[in-house]
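Read through the structure below, which is laid out as structure tokens, and then see the notes.
Numbering (the working numbering), first residue to last: 942 to 1374.
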């Protein structure tokens, strides 16, 4: 005889078995290639990154080419960094309003025009104005790129897709350094011309090969006021944690050459360490496809990532040789590998329908804030505490994030299924009506 209790037990058992089968199928699909849209976007952004070598030479061009005092050139650089914050917010709004592809093209074209303006400037005033205009366009294409990835792949593949983009940009950055070395010996203005050409090439590639923009029904019917990222407490928590993480990462870029010099090593060896980091992130991509890491809960992944970052930075504090710095670089780069993709995937999952671009833009402002804070904090720490104090402080920052961030994410994650276990959420809550 069939009873209601038997039916309930059978249903639960069937649902559990279906969940297990779905997870196994999801892991099998994770071993396949990512969608064509994602792969083409990654290639296009890598081409753009290959030419993005002009910015570090902006201060040098202003001082040597236009006779600006170092302090004045520093103010222009700070104005550029400040302008990138509204630039990213504008990119997020445009991505949700006019479409991902159009916004990417607009942002890249704006960057190209500003860079050509810098190269063609005949006075310090015009070069400074073009530098600020470049800042206002510089981050426009970031939120739509990230939102396009979230649109193209499911939650269980977003971590791998964002990590692939991060690895491609890091790898292209190595080639950018070589190109900068060659062109910079000729004339610094040609760096900005070459950068502009890669922006236009990337924009043309995006326009021709990526799918056209279309508005979803959810985005069309949802009131604009319903998307309010600055009122989302979970997003603001992610923004606070992301800002501290950005300060740590940018501190490495800014302070590592000086740290090497104070340790008695060659500052130029920082290029070798940055190359080692890019290679580690690129070579570590297959690790993200292993079942043990692919199914790791997001809070646990963040805990492991921050601990690896802390261990690597502690290695910087104690390192006295290039080999020590190299080993520490590999360790913190593995932590970066675990963190970056997870963060963007989680923020994309927090966003309501029609709001992914704006949510990712708000989270991305952490890098603009970090770009302003990192040089100030780094120079003060080195001046007062030396290299040991600098890297020990950065290590403590990562330990603080390791202690607090997973708990914050568990609280925020009640709104969204874990990106690593989307099927578990369906089994737990049942069908939604």
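Just so it is clear, CB atoms sit at the ideal spot from N, CA and C, and this is done for glycine as well.
### Query
Ends of the alpha helix (DSSP H) at residue 1210?
As a first step, residue 1210 is located in the chain shown; it is residue number 269 there, counting from the start. From DSSP, the alpha helix (DSSP H) with residue 1210 extends over 1210-1224.
### Message
Output needed for residue 1274: all residues of its chain with C-beta closer than 7 Å, excluding positions within five of it in sequence on either side, in chain order.
### Response
The residue labelled residue 1274 in the question sits at position 333 within the chain shown. 1218, 1221 and 1222.
### Message
Tell me the DSSP secondary structure of residue 1281 in three-state form.
### Response
Taking the chain shown and counting its residues from 1, one reaches residue 1281 at position 340. Helix at residue 1281.
### Task
Report buried or exposed for residue 943, applying the criterion of at least 16 other Cβ atoms within 10 angstroms of its Cβ.
Your numbering for residue 943 matches position 2 in the chain shown. In this prediction, residue 943 scores a pLDDT of 36, lower than 50, which makes its location untrustworthy; no coordinate-derived value is stated.
### Query
So which of 1248, 1325, 1285 and 1283 has the shortest CA-CA distance to residue 1269?
Looking up residue 1269 in the chain shown gives position 328. Closest by alpha carbon: 1248.
### Task
With a 10 Å radius around its C-beta and 16 neighbouring C-beta atoms as the bar for buried, classify residue 1317 as buried or exposed.
As a first step, residue 1317 is located in the chain shown; it is residue number 376 there, counting from the start. So residue 1317 counts as exposed.
### Task
Could you have a look at residue 1193 and say whether DSSP puts it in helix, strand or coil?
Stepping through the chain shown from its first residue, residue 1193 is reached at position 252. Reduced to three states, the DSSP call for residue 1193 is helix.
### Query
residue 1108: which of 1312, 1205, 977 and 1216 sits nearest, CA to CA?
In the chain shown, the residue the question calls residue 1108 occupies position 167. That would be 1216, whose Cα lies nearest to the Cα of residue 1108.
### Query
From this set, 987, 984, 1065 and 1074, which residue's C-alpha is nearest residue 1026's C-alpha?
As a first step, residue 1026 is located in the chain shown; it is residue number 85 there, counting from the start. Among 987, 984, 1065 and 1074, the Cα nearest to that of residue 1026 is on 1074.
### Task
Compare the beta carbon distance of residue 1051 and residue 1081 with 9 Å and say whether it is the shorter of the two.
What you label residue 1051 is simply residue 110 of the chain shown in a count that begins at 1. What you label residue 1081 is simply residue 140 of the chain shown in a count that begins at 1. Cβ distance < 9 Å, so residue 1051 and residue 1081 count as in contact.
### Message
Taking the alpha carbon of residue 980 as the reference point, which residue from 1044, 1099, 1019 and 1076 has its own alpha carbon closest?
### Response
For the purposes of this step, residue 980 is taken as the residue at position 39 of the chain shown. Closest option to residue 980, Cα to Cα, is 1099.
### Task
Apply the 10 Å Cβ neighbour rule to residue 1211 and answer buried if 16 or more other Cβ atoms are within range, or exposed otherwise.
Reading the chain shown from its first residue, position 270 is the one you call residue 1211. Buried, since its Cβ has 16 or more Cβ neighbours within 10 Å.
### Message
Between the alpha carbons of residue 1172 and residue 1178, how many angstroms are there, rounded?
### Response
Within the chain shown, residue 1172 is the residue found at index 231, counting from 1. Within the chain shown, residue 1178 is the residue found at index 237, counting from 1. If you take the alpha carbons of residue 1172 and residue 1178, they lie about 11 Å apart.
### Query
When you compare only the Cα positions, how much space is there between residue 1246 and residue 1046?
Walking along the chain shown from the start, residue 1246 turns up at place 305. Walking along the chain shown from the start, residue 1046 turns up at place 105. Rounded to whole angstroms, residue 1246 to residue 1046 spans 34 Å at the Cα level.
### Message
Which of the three DSSP states is assigned to residue 984 in this structure?
### Response
Within the chain shown, numbered from 1, the residue matching residue 984 stands at position 43. Of the three classes helix, strand and coil, the one that applies to residue 984 here is helix, per DSSP.
### Query
Straight-line CA distance for residue 1205 to residue 1295?
As a first step, residue 1205 must be located in the chain shown, where it is residue number 264. As a first step, residue 1295 must be located in the chain shown, where it is residue number 354. Between residue 1205 and residue 1295, the C-alpha separation is close to 53 Å.
#### Entry: Start and end residues, alpha helix (DSSP H) containing residue 1083
Walking along the chain shown from the start, residue 1083 turns up at place 142. Here the alpha helix (DSSP H) through residue 1083 covers 1083-1093.
### Message
Tell me which residue opens and which closes the alpha helix (DSSP H) that residue 1173 is part of.
### Response
Against the chain shown, residue 1173 aligns to sequence position 232. From DSSP, residue 1173 is part of no alpha helix (DSSP H); its letter is neither H nor E.
### Backbone CA spacing between residue 991 and residue 1146 [nearest angstrom]
Along the chain shown, one-based indexing puts residue 991 at 50. Along the chain shown, one-based indexing puts residue 1146 at 205. Answer to the nearest angstrom: the Cα atoms are 14 Å apart.
### Query
Can you give the beta carbon distance from residue 1137 to residue 1030, rounded, assuming they're within the 8 Å contact cut?
Stepping through the chain shown from its first residue, residue 1137 is reached at position 196. Stepping through the chain shown from its first residue, residue 1030 is reached at position 89. Between residue 1030 and residue 1137 the Cβ distance is about 24 Å, and since that is not below 8 Å, they are no contact.
#### Entry: Three-state class that DSSP yields for residue 1236 in the structure shown
If you number the chain shown from 1, residue 1236 lands on position 295. Correct three-state label for residue 1236: coil.
### Query
Under 9 Å, do residue 1169 and residue 1297 count as touching if we go by C-beta distance?
In the chain shown, residue 1169 corresponds to position 228, counting from 1. In the chain shown, residue 1297 corresponds to position 356, counting from 1. No. Outside cutoff.
### Task
Please go through the same chain and pick out, in chain order, the residues whose beta-carbon is closer than 7 Å to the beta-carbon of residue 1165, but skip the five residues on each side of it.
Numbered from its first residue, the chain shown carries residue 1165 at position 224. Note that residue 1165 scores a pLDDT of 44, beneath 50, so its modelled location is shaky; the value from the coordinates is reported in the next line. None.
### Query
Cβ of residue 1285 within 9 Å of Cβ of residue 1332?
Taking the first residue of the chain shown as position 1, residue 1285 is located at position 344. Taking the first residue of the chain shown as position 1, residue 1332 is located at position 391. Not in contact: residue 1285 and residue 1332 (Cβ atoms no closer than 9 Å).
### Query
With residue 1304 and residue 1114 assumed to form a contact (beta carbons below 8 Å), what rounded beta-carbon distance in angstroms separates them?
Position 363 of the chain shown, counting from 1, holds the residue named residue 1304. Position 173 of the chain shown, counting from 1, holds the residue named residue 1114. Their Cβ separation, rounded to whole angstroms, is 22 Å, which puts residue 1304 and residue 1114 out of contact at 8 Å.
### Query
Measuring CB to CB, does residue 1243 end up less than 9 Å from residue 1342?
Stepping through the chain shown from its first residue, residue 1243 is reached at position 302. Stepping through the chain shown from its first residue, residue 1342 is reached at position 401. Contact: yes.
### Query
What whole-angstrom Cβ distance do residue 1049 and residue 1144 have, given they're in contact under 8 Å?
Start at 1 with the first residue of the chain shown, and residue 1049 comes out as number 108. Start at 1 with the first residue of the chain shown, and residue 1144 comes out as number 203. The Cβ separation is near 4 Å, so the contact holds.
#### Entry: Residue interval of the alpha helix (DSSP H) (run including residue 1148)
As a first step, residue 1148 is located in the chain shown; it is residue number 207 there, counting from the start. Element bounds for residue 1148: 1130-1150.
### Query
Are the beta-carbon atoms belonging to residue 1292 and residue 1301 less than 9 Å from one another?
Here the question's residue 1292 lines up with position 351 in the chain shown. Here the question's residue 1301 lines up with position 360 in the chain shown. Against a cut-off of 9 Å, the Cβ pair of residue 1301 and residue 1292 comes out as a contact.
### Task
Could you check the C-alpha separation between residue 1214 and residue 1235 for me, to the nearest Å?
In the chain shown, the residue the question calls residue 1214 occupies position 273. In the chain shown, the residue the question calls residue 1235 occupies position 294. Answer to the nearest angstrom: the Cα atoms are 28 Å apart.
### Query
What number of angstroms, rounded off, separates the C-alpha of residue 1289 from the C-alpha of residue 1229?
Locating residue 1289 in the chain shown gives position 348, counting from the first residue. Locating residue 1229 in the chain shown gives position 288, counting from the first residue. Rounded to the nearest angstrom, the two C-alpha atoms are 19 Å apart.
### Query
residue 1250 and residue 1339: beta carbons closer than 9 Å?
Taking the first residue of the chain shown as 1, we reach residue 1250 at position 309. Taking the first residue of the chain shown as 1, we reach residue 1339 at position 398. In this structure, residue 1339 lies closer than 9 Å to residue 1250 by Cβ.
### Message
Looking only at its chain, what residues have a beta carbon closer than 6 Å to the beta carbon of residue 1174, apart from the 5 residues adjacent to it on each side?
### Response
Along the chain shown, read from residue 1 onward, the residue named residue 1174 stands at position 233. Excluding residues within five positions, none has a Cβ falling inside 6 Å.
### Query
With a CB to CB cut of under 7 Å and the five nearest residues on each side skipped, what residues in its chain are close to residue 1151?
Residue mapping note: residue 1151 aligns to position 210 of the chain shown, counting from 1. 978, 981, 982 and 1042.
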